[in-house]
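Peer 1: Residue numbers (this note's numbering), protein chains in the order written: chain A, 10 to 405; chain B, 10 to 405.
For glycine and all other residues, C-beta sits at the position ideal for the given N, C-alpha and C.
There are 2 protein chains.
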Amino acid sequence: MISEKMKGLVAGNSVIRAMFEEGKKMAKEFGRENVYDFSLGNPSVRPPKEVREAMVKILETEDENYVHGYMSNGGYEEVREKIAASLNKRFGTHLAGKNILMTVGAAGGLNVILKTLLNPGDEVLTFTPFFVEYRNYVNNFDGVLVQLPVNFAGGFRPDPEALAAAITPKTKALIVNTPNNPTGVVYSAEDITKIADVLRAKQEEYGTEIYLIADEPYRELAYDGVEVPYLTNFYDNTIVGYSYSKSLSLPGERIGYLVIPDEVTDADTVIAGATVANRILGFVNAPSLIQLTVAECLDSEVDVAAYDRNRKLLYESLIGMGYHCIKPEGAFYLFVETPVDDKAFSEKAKEEHLLVVPGSSFGCANYVRIAYCVDYDMIERSLPAFRRVAEYYGLA
Amino acid sequence: MISEKMKGLVAGNSVIRAMFEEGKKMAKEFGRENVYDFSLGNPSVRPPKEVREAMVKILETEDENYVHGYMSNGGYEEVREKIAASLNKRFGTHLAGKNILMTVGAAGGLNVILKTLLNPGDEVLTFTPFFVEYRNYVNNFDGVLVQLPVNFAGGFRPDPEALAAAITPKTKALIVNTPNNPTGVVYSAEDITKIADVLRAKQEEYGTEIYLIADEPYRELAYDGVEVPYLTNFYDNTIVGYSYSKSLSLPGERIGYLVIPDEVTDADTVIAGATVANRILGFVNAPSLIQLTVAECLDSEVDVAAYDRNRKLLYESLIGMGYHCIKPEGAFYLFVETPVDDKAFSEKAKEEHLLVVPGSSFGCANYVRIAYCVDYDMIERSLPAFRRVAEYYGLA
Numbered sequence: 010m011i012s013e014k015m016k017g018l019v020a021g022n023s024v025i026r027a028m029f030e031e032g033k034k035m036a037k038e039f040g041r042e043n044v045y046d047f048s049l050g051n052p053s054v055r056p057p058k059e060v061r062e063a064m065v066k067i068l069e070t071e072d073e074n075y076v077h078g079y080m081s082n083g084g085y086e087e088v089r090e091k092i093a094a095s096l097n098k099r100f101g102t103h104l105a106g107k108n109i110l111m112t113v114g115a116a117g118g119l120n121v122i123l124k125t126l127l128n129p130g131d132e133v134l135t136f137t138p139f140f141v142e143y144r145n146y147v148n149n150f151d152g153v154l155v156q157l158p159v160n161f162a163g164g165f166r167p168d169p170e171a172l173a174a175a176i177t178p179k180t181k182a183l184i185v186n187t188p189n190n191p192t193g194v195v196y197s198a199e200d201i202t203k204i205a206d207v208l209r210a211k212q213e214e215y216g217t218e219i220y221l222i223a224d225e226p227y228r229e230l231a232y233d234g235v236e237v238p239y240l241t242n243f244y245d246n247t248i249v250g251y252s253y254s255k256s257l258s259l260p261g262e263r264i265g266y267l268v269i270p271d272e273v274t275d276a277d278t279v280i281a282g283a284t285v286a287n288r289i290l291g292f293v294n295a296p297s298l299i300q301l302t303v304a305e306c307l308d309s310e311v312d313v314a315a316y317d318r319n320r321k322l323l324y325e326s327l328i329g330m331g332y333h334c335i336k337p338e339g340a341f342y343l344f345v346e347t348p349v350d351d352k353a354f355s356e357k358a359k360e361e362h363l364l365v366v367p368g369s370s371f372g373c374a375n376y377v378r379i380a381y382c383v384d385y386d387m388i389e390r391s392l393p394a395f396r397r398v399a400e401y402y403g404l405a
Numbered sequence: 010m011i012s013e014k015m016k017g018l019v020a021g022n023s024v025i026r027a028m029f030e031e032g033k034k035m036a037k038e039f040g041r042e043n044v045y046d047f048s049l050g051n052p053s054v055r056p057p058k059e060v061r062e063a064m065v066k067i068l069e070t071e072d073e074n075y076v077h078g079y080m081s082n083g084g085y086e087e088v089r090e091k092i093a094a095s096l097n098k099r100f101g102t103h104l105a106g107k108n109i110l111m112t113v114g115a116a117g118g119l120n121v122i123l124k125t126l127l128n129p130g131d132e133v134l135t136f137t138p139f140f141v142e143y144r145n146y147v148n149n150f151d152g153v154l155v156q157l158p159v160n161f162a163g164g165f166r167p168d169p170e171a172l173a174a175a176i177t178p179k180t181k182a183l184i185v186n187t188p189n190n191p192t193g194v195v196y197s198a199e200d201i202t203k204i205a206d207v208l209r210a211k212q213e214e215y216g217t218e219i220y221l222i223a224d225e226p227y228r229e230l231a232y233d234g235v236e237v238p239y240l241t242n243f244y245d246n247t248i249v250g251y252s253y254s255k256s257l258s259l260p261g262e263r264i265g266y267l268v269i270p271d272e273v274t275d276a277d278t279v280i281a282g283a284t285v286a287n288r289i290l291g292f293v294n295a296p297s298l299i300q301l302t303v304a305e306c307l308d309s310e311v312d313v314a315a316y317d318r319n320r321k322l323l324y325e326s327l328i329g330m331g332y333h334c335i336k337p338e339g340a341f342y343l344f345v346e347t348p349v350d351d352k353a354f355s356e357k358a359k360e361e362h363l364l365v366v367p368g369s370s371f372g373c374a375n376y377v378r379i380a381y382c383v384d385y386d387m388i389e390r391s392l393p394a395f396r397r398v399a400e401y402y403g404l405a
């Protein structure tokens with residue numbers, strides 16, 4: 010009796026979420042220490058201590074009806090202004106509070122901006138592999154997600170020629186995700202300049218607006234000193250979706266924001282539309298206490314070095330066992346080639362109590378995603394299992 | 010450059026939200042104490058002290074990655090089980106944790122269940138006057154909101170004959186809201202029995218499923234000992250959307266739940282669908298800390314007596330001035346007849362710094378909604394302004 014659309018979605022429910030549920034079951038059956046769950050991007054590193062300190066202080070000193078009450082649908086004005094000022098300082102932008110819209114995480118923000126922009130049939134492009142939920146978010150508003158081909162030769166970097174070839178008069182947006190889930194690639198200034206050049210040329214060619222939507226939950230997770238350029242500085246029609254889920258280890262709290270700069274065409278209308286969308290999609294506003302909390306923690310971040318230690322241990326160990334993968338520069342995923350079909354590989358891995366996500370969930374078969382936002386000692390304990398799988402497939 | 014749908018929505022933006030913004034501006038211009046903002050249902054009564062106590066205790070004693078981390082999309086299992094047990098105790102239901110889906114407020118819950126159920130063109134009925142956002146929520150999924158006629162003669166009670174006349178083979182759901190926004194009417198067991206009888210007969214006549222969706226943010230706000238019956242006890246295909254926004258004065262925190270009882274046809278599929286909808290609409294899960302917090306406050310509620318004092322003062326004062334309205338039994342609104350067009354009346358009221366919402370926003374012209382979830386002394390200070398408006402229209 011559920012809708013036709015939903016029937017299909019229930020049948021093909023998220024592989025990642027299904028693994029998360031399976032991991033919990035296996036932990037009960039075999040003991041938590043004997044299951045190596047690399048399936049979900051659920052941060053293992055603790056939130057910085059400033060989060061709890063700020064939260065308790067707000068609860069103890071601020072008026073409760075302010076802390077827990079309604080505010081404007083776009084968020085507390087003072088929170089939006091603080092975030093704008095912080096971004097301006099870090100990235101040389103020229104944002105005001107009105108350019109920031111507080112959202113229920115980046116997932117909420119992406120839905121809000123797609124609801125705001127998409128007419129039925131509009132095309133939204135994304136480079137493959139891509140975060141599986143983009144397809145659902147675009148489908149929510151009857152748009153069409155167009156996967157750009159995988160750039161194997163270029164190490165999963167964005168391919169501007171493939172982008173140019175895919176843009177049509179129906180193209181409304183390109184979603185990019187850097188640092189990238191699932192590959193760990195960080196787009197360089199050169200990558201972004203090339204993307205921006207293509208988008209500008211195509212806007213002119215077709216007389217359309219093409220929005221660059223930057224999904225940035227992993228912005229603060231970059232290693233080896235690699236720079237993560239701020240995309241609004243490269244292309245006017247850029248909208249950023251940010252989340253504190255990873256930078257402050259708060260994924261359950263559902264807090265993030267959209268940046269809609271004045272350089273976006275008809276920015277005030279887009280901002281007004283996004284504010285209405287935030288309300289009518291049922292978010293109403295981003296949760297209130299956590300809005301006030303993150304505004305007090307704008308200079309804090311989780312212990313990124315802990316993820317870096319995980320990255321090095323897992324990457325070097327797997328390479329040493331004969332696995333193939335590019336070295337990730339950001340986020341907390343390894344995207345590893347599989348010697349057989351990715352689903353068969355992940356089933357074999359599960360026999361060894363290793364939970365990894367088939368790459369076909371990201372539009373890229375014959376790879377698996379391994380989320381290393383886990384305890385260091387779980388990685389250590391899991392290595393014999395990875396080795397047994399490698400030996401089974403004769404990788405070494 | 011925003012979507013066609015959104016253009017219309019931005020143009021006709023929420024009158025209530027526009028007033029909330031206007032009230033903030035007027036407070037700056039004339040001084041907060043000289044503006045009488047009765048526009049928004051933003052609770053004035055403080056959350057019960059147990060909320061802050063529970064929150065601080067959770068922050069101080071529980072593992073942070075548990076408190077702020079991802080959990081199943083339906084919410085923490087232990088929270089869902091506690092809520093089910095509490096409902097079973099209060100209302101004699103037979104719910105388990107799996108029948109409870111934690112949501113981003115009732116607004117989030119309604120969007121989730123409508124996304125789950127509606128095919129394009131499906132009809133959703135509601136009694137008029139109705140909460141204005143229902144139309145947007147139904148439109149989000151290409152459903153058609155059908156307003157049932159206003160039952161003026163019956164004091165805004167639900168009219169089962171009008172309901173029966175409006176149901177077609179395309180009818181997928183009836184949304185009811187008791188205690189009611191904007192009228193304050195509480196549906197009696199007799200009212201609900203009649204509604205259930207009609208729905209059952211029509212399900213049989215058409216061989217369809219018709220869901221009764223109970224939107225219950227005001228459940229705990231009832232006065233004079235009036236009973237608020239639990240709707241799942243009257244009709245199998247009932248789904249409840251609850252919110253803690255008013256019962257615990259936490260509207261900004263966005264926390265509520267859906268109840269999908271086993272008595273619903275194909276309940277497991279509906280639950281699975283709603284869980285997926287919660288994820289892909291971008292809610293992902295209800296905010297985490299506040300989930301854990303409300304589970305510790307299931308026997309707490311705000312000081313309902315404070316709203317009752319407001320109700321009596323405002324109702325009796327306005328009646329004494331010559332205004333006409335039914336005495337509300339629940340929620341925190343008066344729905345007052347206007348001697349002229351409701352928009353003209355509310356403009357006149359604004360000249361006296363009184364902000365009230367035209368009834369046409371609820372599908373019922375020639376009335377205004379006055380939200381009395383405000384400070385008692387603001388009501389006292391506002392009375393001369395209401396009197397001047399009454400005198401202007403010669404009501405007394």
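On a CA-only basis, which of A/V155, A/L392, A/L343 and A/N128 is nearest A/S48? Give me that one, please.
Peer 2: It is A/L343.
Peer 1: Name the residues in the region 20-38 of chain A whose C-beta lies less than 9 Å from a C-beta of chain B; which are they?
Peer 2: Against chain B - using a Cβ distance shorter than 9 Å - the residues of the region 20-38 of chain A are N22, S23, R26, F29, E30 and K33.
Peer 1: Any chance the region 205-223 of chain B sits against the region 242-260 of chain B, with 3 or more Cβ pairs inside 8 Å?
Peer 2: The answer is yes - the region 242-260 of chain B touches the region 205-223 of chain B, with three or more Cβ pairs under 8 Å.
Peer 1: Expressed to the nearest angstrom, what Euclidean distance is found between the alpha-carbon atoms of B/L221 and B/I184?
Peer 2: Between B/L221 and B/I184, the C-alpha separation is close to 6 Å.
Peer 1: For the beta strand (DSSP E) that A/A182 lies in, which residues bound it at each end?
Peer 2: T180 to V185 is the extent of the beta strand (DSSP E) around A/A182.
Peer 1: With a cut-off of 8 Å on the beta carbons, I'd call A/L290 and B/N149 a contact; round off their distance for me.
Peer 2: With a Cβ gap of about 7 Å, A/L290 and B/N149 count as contacting.
Peer 1: Residues of chain A with a CB under 7 Å from the CB of B/V79: which are they?
Peer 2: The identity of residue 79 of chain B in the sequence shown is Tyr, whereas the question assumes Val. L49, N51, P260 and G261, listed in chain order.
Peer 1: For A/F140, which residues in the same chain have their Cβ closer than 8 Å to its Cβ, ignoring the five residues on either side in sequence?
Peer 2: Excluding sequence neighbours, A/F140 sits near N186, N190, P191, D224 and F371.
Peer 1: Quick check on B/T278 - is its C-beta less than 7 Å from some C-beta in chain A?
Peer 2: With 7 Å as the cut-off, B/T278 counts as an interface residue toward chain A.
Peer 1: Please list, in chain order, the chain C residues whose beta carbon lies closer than 9 Å to that of B/F371.
Peer 2: The structure shown contains no chain C; its protein chains are A and B.
Peer 1: Kindly give me the distance between the Cβ atoms of B/P226 and B/A314, rounded to whole angstroms, as I take these residues to be in contact under 8 Å.
Peer 2: Actually they are not in contact, since the Cβ atoms of B/P226 and B/A314 sit about 19 Å apart, beyond 8 Å.
Peer 1: Give me the chain B residues within the contact set of A/V249, using Cβ-Cβ distance strictly less than 9 Å, ordered along the chain.
Peer 2: None at all; the shortest Cβ gap to chain B is about 16 Å.
Peer 1: Against chain A, with Cβ distances strictly below 7 Å, would B/G84 count as a contact?
Peer 2: No, its Cβ sits nowhere closer than 7 Å to a Cβ of chain A.
Peer 1: For A/R263, which three-state DSSP category applies?
Peer 2: Correct three-state label for A/R263: coil.
Peer 1: Tell me whether A/R166 is buried or exposed, calling it buried when 16 or more other Cβ atoms sit within 10 Å of its Cβ.
Peer 2: Its Cβ being crowded by 16 or more others within 10 Å, A/R166 is buried.
Peer 1: With C-beta atoms as the reference, is A/V406 less than 7 Å away from A/C373?
Peer 2: Outside the displayed span of chain A (10 to 405) sits residue 406 of chain A, for which this structure offers no information.
Peer 1: Could you spell out the range, first to last residue, of the beta strand (DSSP E) harbouring A/D308?
Peer 2: That residue, A/D308, is in no beta strand (DSSP E); it is neither H nor E in DSSP.
Peer 1: Apart from the five residues just before and just after A/F100, which ones in its own chain have a Cβ nearer than 6 Å to its Cβ?
Peer 2: The answer, listed in chain order, is Y239.
Peer 1: Quick one: give me the first and last residue of the alpha helix (DSSP H) that B/V76 is part of.
Peer 2: Per DSSP, B/V76 belongs to the alpha helix (DSSP H) from E73 to V76.
Peer 1: Between B/S252 and chain A, is the shortest Cβ-Cβ distance under 7 Å, so that the two count as touching?
Peer 2: It does not; no Cβ of chain A falls within 7 Å.
Peer 1: State the Cα-Cα distance for the pair B/E229 and B/V195, rounded to the nearest angstrom.
Peer 2: Taking the straight line joining both Cα atoms gives about 11 Å.
Peer 1: Assuming B/P56 contacts B/L257 under a Cβ cut-off of 8 Å, what Cβ separation, rounded to an integer in Å, is found between them?
Peer 2: About 5 Å; that satisfies the 8 Å criterion.
Peer 1: Pick helix, strand or coil for B/M111, following the three-state DSSP scheme.
Peer 2: Residue state, collapsed to three classes: strand.
Peer 1: Please compile the residues from chain A whose C-beta is within a distance smaller than 7 Å of the C-beta of B/N128.
Peer 2: Chain A residues near B/N128: S12 and E13.
Peer 1: Counting along the chain, where does the beta strand (DSSP E) carrying A/D224 start and finish?
Peer 2: Y220 to E225 is the extent of the beta strand (DSSP E) around A/D224.
Peer 1: Along the chain, where does the beta strand (DSSP E) containing A/A174 start, and where does it finish?
Peer 2: No beta strand (DSSP E) holds A/A174; the alpha helix (DSSP H) holding it covers P169 to A175.
Peer 1: Tell me which residues of the region 280-306 of chain A have at least one Cβ-Cβ distance to chain B shorter than 9 Å, keeping chain order.
Peer 2: Cβ contacts with chain B: A281, G282, A283, T284, V285, A286, R288, I289, L290, G291, F292, V293, N294, A295, P296, S297, L298, I299 and Q300.
Peer 1: For the ligand GDP, any of its heavy atoms closer than 6 Å to the Cβ of A/A281?
Peer 2: Among the components of this structure there are no ligands whatsoever, and the ligand GDP is therefore not found.
Peer 1: I'd like the span of the beta strand (DSSP E) that includes B/A380, first residue to last.
Peer 2: Per DSSP, B/A380 belongs to the beta strand (DSSP E) from Y376 to A380.
Peer 1: Give me the chain B residues within the contact set of A/E213, using Cβ-Cβ distance strictly less than 8 Å, ordered along the chain.
Peer 2: Under the 8 Å cutoff, chain B gives no residues; its nearest Cβ is about 15 Å from A/E213.
Peer 1: On the DSSP bridge assignment, give the partners of B/E213 in chain order.
Peer 2: Its beta-bridge partners do not exist; DSSP assigns none.
Peer 1: Between B/E132 and B/V155, how many whole angstroms is the CB-CB distance? I'm expecting something under 8 Å.
Peer 2: Confirmed, Cβ separation roughly 5 Å.
Peer 1: Which residues, in chain order, does the region 100-130 of chain A contribute to contact with chain B at a C-beta distance below 8 Å?
Peer 2: Those residues of the region 100-130 of chain A that come within reach of chain B (Cβ to Cβ, closer than 8 Å) are V113, G114, A116, G117, G118, L119, N120, V121, K124, T125, L126, L127 and N128.
Peer 1: Just to confirm before moving on: does the CB-CB distance between B/D380 and B/G164 stay below 7 Å?
Peer 2: For the sequence presented, residue 380 of chain B should be read as Ala rather than Asp. Not closer than 7 Å, so no.
Peer 1: Could you name the residues of the same chain whose beta carbon sits closer than 7 Å to that of B/T274, not counting the 5 residues immediately before and after it, in chain order?
Peer 2: So the qualifying residues of the chain are E218 and N246.
Peer 1: Name the two residues that bound the continuous alpha helix (DSSP H) containing A/Y385.
Peer 2: Run containing A/Y385: Y385 to Y401, per the alpha helix (DSSP H) assignment.
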